[in-house]
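The working numbering applies: residue 167 is where the sequence shown begins, and numbers increase by one.
Ideal Cβ positions, reconstructed from N, Cα and C, are used throughout, including at glycine.
As the structure is a computational prediction, the values presented were derived from the model and not from experiment.
Structure first, then comments.
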Amino acid sequence: MFVNKFGRATLGLYSRIIVPACGVDPSNVGRNQISWAVACKKRSLWLQMNTEERTQRHATNHQVSTRSVHHTTVDPAELKRFQSLAIKWWNGNGEFKALHAMNDLRVPFIRDNLLNAHKAQHPGKPLAGLRLLDVGCGGGLLTEPLGRMGATVLGIDPVEESIGTAQLHSSYDPDLAEQVSYRTCTLEDLSADVAEGQKGQGDVLFDAVIASEVVEHLADLETFIFCCSHVLKPGGSLFITTINQTNLSYALAIVAAEQILRIVPRGTHEWEKFISPVELERHLESNGFSVQSVQGMMYNPISGAWSWINSTAVNYALHCVKLAEESEPDPQTGNPDNSAATEHYRENTQKS
Ligand SMILES: C[S@@+](CC[C@H](N)C(=O)[O-])C[C@H]1O[C@@H](n2cnc3c(N)ncnc32)[C@H](O)[C@@H]1O
């Protein structure tokens, strides 16, 4: 009897799961004179056709913009890790305490560099009129203060749960309703949408892109930088904060911070994904950026505060600008000629 009940329950469950997927109820097979094998074969042919069509559509969407069809920036293990922490973003004394504190350095770093190029128009809202993209925004710890300074900020993150937290948190501040919006997606998805938007002549490009503590979690840095450039206006700024790949960064960011002091959850960082400023600059320059400044940062776990330091041996912040696209390579070095965009940046800097 137990076996019969179990059998019926299993068949019930089986048909509930399989029927929508295959379109044929196995319990009807005999009655409808349809062979189960034939039905499933038809279904798999239909699926195969659909997959080919979807792949083709995907490839066409991306033709205009990127090589991202074959390259994803996403490392699924990283997403899983951040998914499990998604409700903790706004606990100022929890796993993201150091990121909360980092705002004391990174917010003025972004603001001041942007103000060098764009004159403030509104008292009290220095970033008014600027469109910013916060890539890998997590719970919106950095997105919100940038929005409060008057910028229109889009925060994107591939982890849906984090975007849910970010949306919920910003909804408590009515002043942010007009300034901040969020979307669950990758940068390569957004880059493809920007390419579509450009065809419609819309104002789709950003004045600045911010990737704070993100590049050390990617599967493909080159594609990420390429897409950053693709969504930026010429002369626009890219801000990155990340961790250098040194023995000291292994000792401090992994052994001390994760394993001894537990400031960051164990397994958050992989040393192999850390990157030196020199290597990062090389990637940026080969993708048409001109690096403007690199500054070392240090976290004091006792005071819980960050400060600027000369050494970039562990944490650092970098600011670069996207060069004008028509730059010709320098005939002597073969490197892109940076003078046009650098001039554009300098002119704006001098005006302000
Ligand atoms: C250390 S957190 C930094 C969050 C936020 N930028 C901040 O500083 O408060 C890293 C974030 O990068 C996101 N991330 C991981 N892989 C990503 C990818 N391929 N593209 C964009 N974001 C990614 C994670 O989901 C996570 O929210």
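Helix, strand or coil at L281 [DSSP, three-state]: helix
For T550, the three-state DSSP class (helix, strand or coil): With the chain covering only 167 through 518, there is no way to say anything about residue 550.
Cβ distance (whole Å) where F390 is taken to contact L353 below 8 angstroms: 6 angstroms
In DSSP terms, what L320 is bridged to: L299, S347
Start and end residues, alpha helix (DSSP H) containing I391: 387 to 397
Proximity test, E379 beta-carbon vs ligand 1 heavy atom, cut-off 7 angstroms: yes
Residue span of the alpha helix (DSSP H) that contains V325, given as start and end: Neither: V325 is in no alpha helix (DSSP H) and is coded neither H nor E.
contact_flag[the region 462 to 477, the region 374 to 384] where n(CB pairs < 8 angstroms) is 3 or more: no
Span of the alpha helix (DSSP H), counted from its first residue to its last, around I449: The sequence shown places His at residue 449, rather than the Ile named in the question. Taken as a continuous stretch (DSSP letters only), the alpha helix (DSSP H) holding H449 covers 443 to 452.
Identity of the residue in G330, R277, G295, S336 nearest A252 by Cα: G330
I429 beta carbon less than 8 angstroms from that of A267: no
Secondary structure of V421, DSSP reduced to three states: helix
Cβ neighbours of Q364 in the same chain (closer than 7 angstroms, five flanking residues each side left out): V370
C-alpha distance - I475 paired with S459, whole-angstrom precision: 13 angstroms
Reduced DSSP category for L484 - H, G, I as helix; E, B as strand; rest coil: strand
In DSSP terms, what Y465 is bridged to: W472
Status (buried if at least 16 other CB within 10 Å, exposed otherwise) for D323: buried
Presumed contact (8 angstroms Cβ cut-off) between T412 and A479, rounded CB distance: 5 angstroms
Own chain, CB closer than 6 angstroms to A286, minus 5 neighbours either side, in chain order: P292
Distance between E244 and Q345 (C-alpha atoms, nearest Å): 29 angstroms
Exposed unless 16 or more other CB atoms sit within 10 angstroms - verdict on E436: exposed
Any non-hydrogen atom of ligand 1 closer than 7 angstroms to E244 Cβ: yes
One or two residues paired with I376 in a DSSP bridge: D300, F405
Whole-angstrom distance between L418 and L320, CA atom to CA atom: 32 angstroms
Beta carbon of E261 nearer than 8 angstroms to that of P400: no
Closest Cα partner of L271 within the set Y416, L446, G433, F405: F405
P311 in three-state terms, based on DSSP: helix
DSSP beta-bridge partners of S357: For S357, which the question treats as bridged, DSSP gives no partner whatsoever.
Any non-hydrogen atom of ligand 1 closer than 7 angstroms to S328 Cβ: yes
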